[in-house]
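K.L.:
Just so you know, the sequences run in chain order A and B.
First residue of the first sequence? That's 1 in my numbering, and the numbers climb one at a time after it.
First residue of the second sequence? That's 204 in my numbering, and the numbers climb one at a time after it.
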Amino acid sequence: MALVALCISPLLMSCESEDDAPAPALEEKTYSNLYAPADPGQPGQPATGYEPWRYFSLRTGELLTNADSNSTDWDLAFKSTTIRTNSGISGPGEGRALVVVSAFEEVLEAPADTVLRSDVATNNYAIPTGSGNGWYNYNPANMVISPIPGRTIVVKLGDGSGYAKVSITSYYQNAPTNPTGTEPSRYYTFRYVVNTDGTRRLN
Amino acid sequence: MLWVGAARVAAAPLAPPDSVAVAPPDTLQSATEEVVVTASRREEAIERVPQPISVISGAQIRQLGAQRLDAVLAEQTGIVLTSDHGTGLQLQGIDDDYILILIDGEPLVGRTAGTLDLSRLTVENIERIEVLKGPASSLYGSEALGGVINIITRTPTAQRSVDLRARYGTNQTADLGLTTGWRHKGLGGQLSFNRFSSAGYDLAPETAGATVAPFANYTGALRLSSTLGSRWLAEVSLRGYREDQDLALADPAGAALTGAARVEEYNLHPSLRYLASGRLALRGHLYTTRYRTEEETRYAADGQPFDASFFEQGFTRPEVQADVTLTERHTVSVGVGGVYESVAATRYDATQRQQTHYLFAQSSWQPTERLTVVAGARYDAPNVYAPQLSPKLSVGYRLWPSVQVQGSVGLGFKAPDFRQLYLNFTNASAGYSVFGVREAVRLVSALDSAGQISGYFVPLSSFEETLAPERSVAVNVGGRYTHPAGRLRGSVNLFYNRIENLIETFVLAAKTNAQNVFSYRNLSEIITYGAEVDASYRLSATLRLQGGYQYLRTADLSVLEGLEAGTYFRRTDQGRDVRLERSDYFGLAGRSTHSANARLFYQAPTTGWEGSLRVLYRSRFGLGDTNGNAILDDYDTFAAGYATVNLNVGKTLWRHLTLQLGADNLLGYTDPAFLPTQPGRLVYLSALLRLERQASP
Chain A
1 MALVALCISP LLMSCESEDD APAPALEEKT YSNLYAPADP GQPGQPATGY
51 EPWRYFSLRT GELLTNADSN STDWDLAFKS TTIRTNSGIS GPGEGRALVV
101 VSAFEEVLEA PADTVLRSDV ATNNYAIPTG SGNGWYNYNP ANMVISPIPG
151 RTIVVKLGDG SGYAKVSITS YYQNAPTNPT GTEPSRYYTF RYVVNTDGTR
201 RLN
Chain B
204 MLWVGAARVA AAPLAPPDSV AVAPPDTLQS ATEEVVVTAS RREEAIERVP
254 QPISVISGAQ IRQLGAQRLD AVLAEQTGIV LTSDHGTGLQ LQGIDDDYIL
304 ILIDGEPLVG RTAGTLDLSR LTVENIERIE VLKGPASSLY GSEALGGVIN
354 IITRTPTAQR SVDLRARYGT NQTADLGLTT GWRHKGLGGQ LSFNRFSSAG
404 YDLAPETAGA TVAPFANYTG ALRLSSTLGS RWLAEVSLRG YREDQDLALA
454 DPAGAALTGA ARVEEYNLHP SLRYLASGRL ALRGHLYTTR YRTEEETRYA
504 ADGQPFDASF FEQGFTRPEV QADVTLTERH TVSVGVGGVY ESVAATRYDA
554 TQRQQTHYLF AQSSWQPTER LTVVAGARYD APNVYAPQLS PKLSVGYRLW
604 PSVQVQGSVG LGFKAPDFRQ LYLNFTNASA GYSVFGVREA VRLVSALDSA
654 GQISGYFVPL SSFEETLAPE RSVAVNVGGR YTHPAGRLRG SVNLFYNRIE
704 NLIETFVLAA KTNAQNVFSY RNLSEIITYG AEVDASYRLS ATLRLQGGYQ
754 YLRTADLSVL EGLEAGTYFR RTDQGRDVRL ERSDYFGLAG RSTHSANARL
804 FYQAPTTGWE GSLRVLYRSR FGLGDTNGNA ILDDYDTFAA GYATVNLNVG
854 KTLWRHLTLQ LGADNLLGYT DPAFLPTQPG RLVYLSALLR LERQASP
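(1) Along chain A, in chain order, which residues have C-beta atoms closer than 8 angstroms to that of TYR659(B)?
(2) For ALA580(B), which option in ASN586(B), LEU574(B) and ALA564(B) has the closest C-alpha, if you only look at C-alpha atoms?
(3) Examine chain B for any beta-carbon lying closer than 7 angstroms to the beta-carbon of ILE89(A), and answer yes or no.
(4) Mapping DSSP to helix, strand and coil, what is GLU409(B)?
(5) Determine whether the beta carbon atoms of ALA677(B) and PRO338(B) lie at a separation below 7 angstroms.
(6) For ASN137(A), decide whether its Cβ has a neighbour in chain B, counting only Cβ atoms nearer than 7 angstroms.
(7) Residues of chain B with a CB under 9 angstroms from the CB of THR169(A): which are they?
(8) Please state whether the Cβ-Cβ distance between PHE78(A) and SER167(A) is less than 7 angstroms.
(9) Unbroken beta strand (DSSP E) runs of length 3 or more, entirely within the segment 855–887 of chain B: which are they?
(10) Taking contact to mean at least 3 C-beta pairs separated by less than 8 angstroms, is the segment 24–42 of chain A in contact with the segment 188–197 of chain A?
(11) Quick one: which chain C residues come within Cβ less than 7 angstroms of VAL101(A)?
(12) Nearest by alpha-carbon distance to THR199(A): which of ASN70(A), THR81(A), GLY162(A) and PRO176(A) is it?
(13) Put ASN627(B) into one of helix, strand or coil per three-state DSSP.
(14) Could you check where the alpha helix (DSSP H) with ALA262(B) kicks off and where it finishes?
(15) Could you say if the segment 699–710 of chain B and the segment 670–687 of chain B meet the contact criterion of at least three C-beta pairs nearer than 8 angstroms?
(16) Can you check whether the CB of THR554(B) is closer than 7 angstroms to the CB of THR519(B)?
(17) Would the segment 779–793 of chain B count as touching the segment 804–816 of chain B if we require 3 or more Cβ pairs under 8 angstroms?
(18) Using the DSSP secondary-structure output, state which residues sit across from PRO147(A) in a beta bridge.
(19) Mapping DSSP to helix, strand and coil, what is PRO227(B)?
(20) I need the straight-line Cα distance from GLU18(A) to PRO92(A), nearest angstrom please.
(21) Between the Cα of PRO521(B) and the Cα atoms of ALA618(B), ARG486(B), GLY506(B) and VAL351(B), which residue gives the shortest distance?
(22) Is there a Cβ of chain A sitting closer than 7 angstroms to that of ASN832(B), yes or no?
(23) Between the segment 288–298 of chain B and the segment 826–835 of chain B, are three or more C-beta pairs nearer than 8 angstroms?
(24) In whole angstroms, what is the alpha-carbon distance linking SER536(B) and TYR469(B)?
(25) Quick check: the segment 721–735 of chain B against the segment 743–757 of chain B, are there 3 or more CB pairs under 8 angstroms?
(26) Can you find a C-beta in chain B that's less than 7 angstroms from the C-beta of ILE148(A)?
(27) Measure the C-alpha to C-alpha separation of ALA419(B) and THR382(B) and round it to an integer number of angstroms.
(28) So ALA141(A) contacts chain B; which residues on that side make the cut at Cβ distance below 8 angstroms?
(29) Taking GLY132(A) as the query, report the chain B residues whose CB atoms sit under 7 angstroms from its CB, ordered along the chain.
(30) Mind listing the chain B neighbours of PHE104(A)? Cutoff is C-beta to C-beta under 7 angstroms, in chain order.
(31) Please give me, in chain order, every unbroken run of the alpha helix (DSSP H) with length at least 4 that falls completely inside the segment 699–768 of chain B.
(32) Give the interface partners of VAL710(B) over in chain A, defined as CB-CB distance under 8 angstroms, in chain order.
(33) For a test of the three-state rule: what should DSSP assign to GLN254(B), helix, strand or coil?
(34) What separation, rounded to the nearest whole angstrom, lies between the Cα atoms of ARG493(B) and ALA458(B)?
(35) Rounded C-beta distance between ASP449(B) and ALA463(B)? I'm assuming under 8 angstroms.
(36) Which term fits PRO619(B), buried or exposed, when burial requires 16 or more other beta carbons within 10 angstroms of its beta carbon?
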């Protein structure tokens with residue numbers, strides 16, 4: 001399968017930096033309720049309209065407008081369960097990403113750019129789409145989308161100015177602890193850490 | 204024409220005509236000589252079967268107060284009932300669609316989502332039920348991967364008998380039955396009729412539609428047999444079933460719908476046996492069955508149609524078998540046959556057919572008085588998947604007259620079913636599609652041409668348009684103890700099943716409506732293993748205590764690999780992700796590690812009083828992942844372990860009339876979240892009138 005692009009974390013930890021003075025810890029931030037509706041369309045029918053992607057800058061922690069879509073200012077773009085990076089077919093930037101199999105806290109630095117992936121095609125995004133392939137699992141029994149624990153998205157910023165790691169914590173409005181599938185969905189809550197000091201450090 | 208002759212006849216002789224095939228008396232043999240047919244497809248003493256097999260007698264079924272098959276099987280050690288589009292069962296942790304359900308040795312068809320609804324079957328005319336655990340594909344082919352449940356219907360033992368049965372209980376559940384048997388010289392017959400109805404119940408009144416909608420069903424069965432001279436036995440069985448159910452539902456927008464559902468099933472089974480000599484018995488069967496469901500719903504407001512669907516399955520199996528007694532201690536059975544199946548349904552584009560021709564042979568050999576060796580194999584040559592060879596070897600050794608140890612190794616398989624090959628289903632309200640592998644490329648390409656596909660997860664060029672059968676290898680090792688006077692009987696069995704090529708759904712393509720197209724592929728490999736202990740102890744002349752326990756562990760092997768590689772995590776309440784260990788993995792959904800039963804039966808023929816108290820327990824189980832990592836681990840939400848208590852008392856009056864008052868699930872245990880079909884306490888009152896006129900000697 002073309003979509004499996006996971007990397008096991010112990011490989012990353014072997015190359016920790018050995019600076020004499022430990023660098024100050026990076027600030028962890030949380031963004032709540034980023035609403036990313038799907039394209040409209042009747043179930044079972046082709047989409048009849050278009051819903052814009054929701055462009056987000058990790059560096060500023062702000063949602064951008066659709067007018068910024070062709071810039072390198074944004075790092076991730078959201079629509080329904082799909083997340084794009086500012087790269088390849090999705091944007092003009094130098095962005096890249098990789099879904100790393102590791103706890104958020106254990107991702108200490110970004111893998112090499114050659115390991116990070118870009119958006120190659122609609123079925124070959126840097127962040128793979130589909131249940132179990134990327135950041136979420138879909139439970140057909142109760143139709144709940146759950147972020148997969150132990151999946152951390154390492155992102156190269158759209159303008160190439162640094163790296164970030166992102167952990168999605170919820171897909172439902174106000175991040176209920178145990179969603180039942182009936183809550184309003186497509187509301188992303190995620191925590192993230194950004195580093196623009198020129199190193200690959202993410203801790 | 205062989206079978207025409209069979210149809211005009213009637214009545215079973217007292218001694219089965221192939222009784223020559225039963226192993227000769229043995230000095231080491233214990234006193235009880237229960238006869239079973241499932242392990243060899245011919246009558247043999249249960250003591251001689253070196254496999255885990257058990258028998259539920261008709262007397263016990265009656266004492267349980269049961270009216271449908273599911274209630275009987277629920278109380279057997281090692282059987283756990285499941286609820287998914289009907290009541291199914293697990294044997295050794297193996298799901299319903301891998302267990303063959305037979306009536307008099309011939310398979311029932313008509314499954315919904317893999318489940319053959321056990322509540323479809325009345326216990327009205329059941330003589331006994333044989334439960335064979337472990338793979339039996341060496342005799343029965345596809346589906347007999349986890350085991351076989353063989354329902355043996357009654358043959359007349361008195362010259363004339365009439366049973367009248369009536370039972371009424373909670374939810375206006377009414378069960379009425381009539382069974383009559385007769386015999387005149389070589390002719391015998393058994394006719395039974397059953398009507399079962401209920402007003403249903405609703406455990407979730409806040410949602411539209413009842414948990415069980417009101418229904419009424421009818422079962423009729425006729426079995427005629429006749430001896431023709433001393434060497435021929437002709438038999439014909441006919442069975443029909445029909446259920447009508449009233450539906451009250453709602454469409455996705457909440458508008459009220461009304462409708463009706465119907466299930467119909469017919470089985471016809473003529474057979475002919477010929478005792479060529481003391482050493483050779485021949486038999487021929489021509490079995491055919493048809494199963495059909497129909498469902499129609501309309502808007503309650505204006506009567507406009509909402510949905511209509513049907514499903515129809517046909518199954519025909521001619522078979523010839525020869526039993527050759529080579530020596531007193533060596534019998535060989537050889538059989539050849541064909542299976543012709545068809546399915547037509549709303550969700551299939553055309554009537555789909557498949558066929559299998561097969562050959563099987565089994566040798567039962569006693570090299571010494573103590574040792575039994577049973578070796579057999581079956582070769583299936585189907586037209587839609589690769590040929591399958593399913594061998595099995597079983598060995599039993601009698602350590603002492605009362606103790607036998609035994610072991611068996613066998614291969615089992617399950618053919619891809621029609622749904623996995625040919626389904627064409629799109630959910631009208633949600634918008635996703637599920638296509639069988641034979642149809643997927645064509646149907647997805649059509650969607651793509653219509654602009655409804657946004658991308659592929661598997662390129663169509665590399666999509667596999669065939670499925671391999673699911674295959675298993677299983678080992679059973681155990682022993683049986685029988686107290687010479689029958690005071691104590693017990694059995695132990697350790698089991699291990701490894702099933703590969705499990706067929707699962709996967710996402711083939713994404714649709715432009717943000718939904719997916721699913722199809723099927725051979726994917727995972729699972730194991731189930733554990734131990735079972737079962738015992739029956741006669742406390743006194745009137746009291747018998749039975750009990751059983753099963754320990755069960757299950758695992759998906761790819762999950763074990765993932766745990767080894769460290770790819771599974773859980774998220775703590777503080778939001779930290781913690782890697783899961785092997786010990787955190789619970790196993791497959793719907794499986795309880797512990798299940799047990801304890802049953803006390805009282806019967807005093809002198810006073811006519813009888814009664815039973817049964818306690819059934821299963822430990823916690825999970826329905827599926829609840830914490831996002833796609834596996835069932837100790838941090839998921841589980842259904843709590845629970846026990847149900849069943850109690851009844853009965854009294855026989857004037858020798859012929861038995862009244863019974865009872866309650867199933869006496870303590871009213873329910874768990875709406877995890878056991879949405881568990882109805883709570885069911886109280887019933889029943890009456891059985893049994894009239895017999897013995898045959899003159």
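C-beta atoms are modelled at their ideal positions from N, C-alpha and C, and glycine is treated no differently.
P.N.:
Based on what the coordinates show:
(1) Mapped onto the second sequence, residue 659(B) falls at position 456. By Cβ distance, chain A contributes ASN123.
(2) For the purposes of this step, residue 580(B) is identified with residue 377 of the second sequence, where counting begins at 1. Selected option, being the one with the closest Cα: ALA564(B).
(3) For the purposes of this step, residue 89(A) is identified with residue 89 of the first sequence, where counting begins at 1. Nearest CB-CB separation between ILE89(A) and chain B: not below the 7 angstroms threshold.
(4) Taking the second sequence and counting its residues from 1, one reaches residue 409(B) at position 206. Reduced to three states, the DSSP call for GLU409(B) is coil.
(5) Here the question's residue 677(B) lines up with position 474 in the second sequence. Here the question's residue 338(B) lines up with position 135 in the second sequence. Yes.
(6) The sequence position of residue 137(A) within the first sequence is 137, counting from 1. Yes, ASN137(A) lies at the interface with chain B (some Cβ there is under 7 angstroms from its Cβ).
(7) Translated into the one-based positions of the first sequence, residue 169(A) becomes position 169. From the beta-carbon of THR169(A), the residues of chain B found nearer than 9 angstroms are ARG774 and GLY778.
(8) Locating residue 78(A) in the first sequence gives position 78, counting from the first residue. Locating residue 167(A) in the first sequence gives position 167, counting from the first residue. 7 angstroms or more divides the Cβ of PHE78(A) from the Cβ of SER167(A).
(9) 860–867
(10) The segment 24–42 of chain A vs the segment 188–197 of chain A: in contact.
(11) Among the protein chains of the structure shown, namely A and B, there is no chain C.
(12) The sequence position of residue 199(A) within the first sequence is 199, counting from 1. Distance from the Cα of THR199(A) is smallest, within the candidate group ASN70(A), THR81(A), GLY162(A) and PRO176(A), for GLY162(A).
(13) Along the second sequence, read from residue 1 onward, the residue named residue 627(B) stands at position 424. DSSP places ASN627(B) in strand when its eight states are reduced to three.
(14) Here residue 262(B) corresponds to residue number 59 of the second sequence, with the count starting at 1. Run containing ALA262(B): 261–267, per the alpha helix (DSSP H) assignment.
(15) yes
(16) Taking the first residue of the second sequence as 1, we reach residue 519(B) at position 316. Taking the first residue of the second sequence as 1, we reach residue 554(B) at position 351. For THR519(B) and THR554(B), no; Cβs fall outside 7 angstroms.
(17) no
(18) Looking up residue 147(A) in the first sequence gives position 147. According to DSSP, which records beta bridges pairwise, PRO147(A) is partnered with TYR136(A).
(19) Position 24 of the second sequence, counted from the start, is the residue given in the question as residue 227(B). Here the model assigns PRO227(B) a pLDDT of 35, short of 50, so the residue's position is not dependable, and the following value carries that caveat. Three-state DSSP puts PRO227(B) in coil, outside helix and strand.
(20) As a working mapping, residue 18(A) is identified with position 18 in the first sequence. As a working mapping, residue 92(A) is identified with position 92 in the first sequence. Because the pLDDT at GLU18(A) is just 48, under 50, the model does not fix this residue reliably, and the value given afterwards should be weighed accordingly. One C-alpha to the other measures close to 35 angstroms.
(21) Looking up residue 521(B) in the second sequence gives position 318. Of the candidates ALA618(B), ARG486(B), GLY506(B) and VAL351(B), the one whose C-alpha sits nearest the C-alpha of PRO521(B) is ARG486(B).
(22) Position 629 of the second sequence, counted from the first residue, corresponds to residue 832(B). Chain A, which has a Cβ nearer than 7 angstroms to the Cβ of ASN832(B), makes this yes.
(23) no
(24) As a first step, residue 536(B) must be located in the second sequence, where it is residue number 333. As a first step, residue 469(B) must be located in the second sequence, where it is residue number 266. So the two alpha carbons sit approximately 29 angstroms from each other.
(25) yes
(26) Taking the first sequence and counting its residues from 1, one reaches residue 148(A) at position 148. Taking Cβ atoms only, chain B reaches closer than 7 angstroms to ILE148(A), which makes this a yes.
(27) For this step, residue 419(B) is matched to residue 216 along the second sequence. For this step, residue 382(B) is matched to residue 179 along the second sequence. Roughly 19 angstroms separates the two Cα atoms.
(28) If you number the first sequence from 1, residue 141(A) lands on position 141. Simply LEU826 and GLY827.
(29) The residue given as residue 132(A) occupies position 132 in the first sequence. By Cβ distance, chain B contributes ALA833.
(30) Residue numbering aside, residue 104(A) sits at position 104 when the first sequence is read from its first letter. Going along chain B in sequence order, the residues near PHE104(A) (Cβ under 7 angstroms) are ASP780.
(31) Taking 4 residues as the shortest admissible run, the segment 699–768 of chain B contains the following complete alpha helix (DSSP H) segments, listed from N- to C-terminal end: 760–768.
(32) The residue you call residue 710(B) lines up with position 507 of the second sequence. Chain A residues near VAL710(B): GLY130 and SER131.
(33) Locating residue 254(B) in the second sequence gives position 51, where the first residue counts as 1. In this structure, DSSP gives GLN254(B) a state outside helix and strand, which the three-state scheme calls coil.
(34) As a working note, residue 493(B) is residue 290 in the second sequence. As a working note, residue 458(B) is residue 255 in the second sequence. If I take the Cα positions, the gap works out to 35 angstroms.
(35) As a working mapping, residue 449(B) is identified with position 246 in the second sequence. As a working mapping, residue 463(B) is identified with position 260 in the second sequence. Rounded, the Cβ-Cβ distance is 6 angstroms, consistent with contact.
(36) What you label residue 619(B) is simply residue 416 of the second sequence in a count that begins at 1. With 16 or more Cβ atoms within 10 Å of its Cβ, PRO619(B) is classed as buried.
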